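Novice: Below you'll find the structure I mean.
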């Protein structure tokens, strides 16, 4: 591109003094691109933050990888942990016993998922110790039948640390009076709050030895083994590689399959919001088309003079491409800057708006999140910037082509 084409194209970004409307439309197009990119980058960052927050809370309780038996009970779990730990991606492993049960307290009955754990090992694969609001996970001692429950479950049952609650096992015992459910009284030794309703209201922890006794399992039998990985996103690859290391028949699954619905819903919502907000950039790009069409009409005499001086149709086309591209590039730069600035400070901005209007957008009692999470990712920002640039570049093609087809004789006939 010759310097004169670039010079004239940049000069044409402002119309003549007699026609400020074209300059106004150019400014509107630039602001449209800027606002569209700012909104799109901010929304994508907030959606990434929500996804990261949900993932952290779920994986603070669930496992990255779970190994279970094909027959329901996994025997010789020590050997399974030893074999799985040979994989370089495995950071820690812990056995567990999982079963259904019902808790009864103060004439309130609630169905729960019972998980038998080894507190020292469980602390290596989960974050229960960090979420305890009362008591400690180490208070689960074999033979003492202690239990740790979630905050929502404690509210439902009206139970506090030190209270006695009854755990009802669905595995019945045969008596002369018939088959009766097995009952065992447990002492609440701790209460946790993950911030995820499913776990806070339906998960209880007991010592693995107590769970084996309650559900009639041998000492070397468990429901499965939970693995924590150095990189949680490597879970699908680890699942495909673990069978070569294990000598027992087992079923292996990872968190991407166990909780696929949560993350798929967030991903779909993110894509739909991104598509809707991308229309703002598309509208701004269409404004560039109208701006350049009016500029071509306004500059027909100038185009004719340039053609008579020897400018080729290709050069004329480049001049108007420069004019439209300048609007797109400048708007993209401002949009990226504004989007990153707002994305990194959206929590403070929302807090200021809440203080100013005396409202609360995210009530902790409803959402369990009192602050809007944000996670700006350079891949998303780069994608938005490139998409915006391509749209604005495509928007310049038709008006520029129309300018290159201006007939000098027709344009100068009435001058």
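Residue numbers (the working numbering): 80 to 494.
No residue lacks a Cβ here, since even glycine has one placed at the ideal position from N, Cα and C.
Computed from a predicted model, the values in this text were never measured in an experiment.
By how many angstroms is the C-alpha of residue 458 removed from the C-alpha of residue 193?
Specialist: As a first step, residue 193 must be located in the chain shown, where it is residue number 114. As a first step, residue 458 must be located in the chain shown, where it is residue number 379. Computed Cα separation, rounded: 41 angstroms.
Novice: Can you check whether the CB of residue 410 is closer than 9 angstroms to the CB of residue 475?
Specialist: By 1-based counting over the chain shown, the position of residue 475 is 396. By 1-based counting over the chain shown, the position of residue 410 is 331. Not in contact: residue 475 and residue 410 (Cβ atoms no closer than 9 angstroms).
Novice: If we call anything under 9 angstroms between Cβ atoms a contact, is residue 121 one with residue 421?
Specialist: As a first step, residue 121 is located in the chain shown; it is residue number 42 there, counting from the start. As a first step, residue 421 is located in the chain shown; it is residue number 342 there, counting from the start. Against a cut-off of 9 angstroms, the Cβ pair of residue 421 and residue 121 comes out as a contact.
Novice: Would you decide whether residue 427 is buried or exposed? Buried here means 16 or more other CB atoms lie within 10 Å of its CB.
Specialist: Locating residue 427 in the chain shown gives position 348, counting from the first residue. Result: exposed.
Novice: Taking 9 angstroms as the cut-off, decide whether the C-beta atoms of residue 337 and residue 145 are in contact.
Specialist: In the chain shown, residue 337 corresponds to position 258, counting from 1. In the chain shown, residue 145 corresponds to position 66, counting from 1. Yes, they are a contact pair.
Novice: How is residue 249 classed by DSSP in three states: helix, strand or coil?
Specialist: Residue numbering aside, residue 249 sits at position 170 when the chain shown is read from its first letter. Residue 249: strand per DSSP, three-state reduction.
Novice: Looking at the secondary structure, which residues open and close the alpha helix (DSSP H) in which residue 415 lies?
Specialist: Along the chain shown, read from residue 1 onward, the residue named residue 415 stands at position 336. Here the alpha helix (DSSP H) through residue 415 covers 392-423.
Novice: Is DSSP giving residue 432 helix, strand or coil here?
Specialist: The residue labelled residue 432 in the question sits at position 353 within the chain shown. Looking at residue 432 - three-state DSSP - the assignment turns out to be helix.
Novice: Measure the CB-CB distance between residue 299 and residue 231 and report whether it falls below 9 angstroms.
Specialist: Indexing the chain shown from 1 puts residue 299 at position 220. Indexing the chain shown from 1 puts residue 231 at position 152. No.
Novice: Whose CA, out of 249, 159, 220, 274, lies closest to the CA of residue 206?
Specialist: Translated into positions along the chain shown, residue 206 becomes position 127. Residue 274 is the option with its Cα nearest to residue 206.
Novice: Here's a check: name, in chain order, each residue in its chain whose Cβ is nearer than 7 angstroms to the Cβ of residue 168, leaving out the five neighbours to either side.
Specialist: Your numbering for residue 168 matches position 89 in the chain shown. When the five nearest sequence neighbours on each side are left out, the beta carbons in the same chain lying within less than 7 angstroms of the beta carbon of residue 168 are those of 308, 309, 310, 313, 317, in order along the chain.
Novice: Is the separation between the beta-carbon of residue 247 and that of residue 183 shorter than 9 angstroms?
Specialist: Locating residue 247 in the chain shown gives position 168, where the first residue counts as 1. Locating residue 183 in the chain shown gives position 104, where the first residue counts as 1. Yes; because the gap between Cβ atoms is below 9 angstroms, this pair is in contact.
Novice: Return the chain-ordered list of same chain residues with a C-beta closer than 6 angstroms to the C-beta of residue 185, the five sequence neighbours on each side being excluded.
Specialist: By one-based count along the chain shown, residue 185 stands at place 106. Setting aside the 5 residues that flank it on each side, residue 185 is surrounded in the same chain by 237, each with a C-beta closer than 6 angstroms to its C-beta; the list follows chain order.
Novice: For residue 191, tell me which candidate among 277, 394, 323 has the shortest Cα-Cα distance.
Specialist: Your numbering for residue 191 matches position 112 in the chain shown. From the listed residues 277, 394, 323, the smallest Cα separation to residue 191 is found for 277.
Novice: Spatial neighbours of residue 262 within its chain, please: C-beta separation below 8 angstroms, excluding the five flanking residues on both sides.
Specialist: Residue 262 sits at position 183 when you count from the first residue of the chain shown. Closer than 8 angstroms at Cβ, skipping near neighbours: 245, 246, 247, 248.
Novice: How many angstroms separate the CA atom of residue 470 from the CA atom of residue 357?
Specialist: Reading the chain shown from its first residue, position 391 is the one you call residue 470. Reading the chain shown from its first residue, position 278 is the one you call residue 357. One C-alpha to the other measures close to 10 angstroms.
Novice: Taking all protein chains shown into account, do 16 or more other C-beta atoms lie within 10 angstroms of the C-beta of residue 175, making it buried, or fewer, making it exposed?
Specialist: Numbered from 1 along the chain shown, position 96 holds the residue referred to as residue 175. Buried, since its Cβ has 16 or more Cβ neighbours within 10 Å.
Novice: Can you tell me which of 296, 126, 301 puts its alpha carbon nearest to the alpha carbon of residue 352?
Specialist: By one-based count along the chain shown, residue 352 stands at place 273. Taking only the C-alpha atoms, the option nearest residue 352 is 126.
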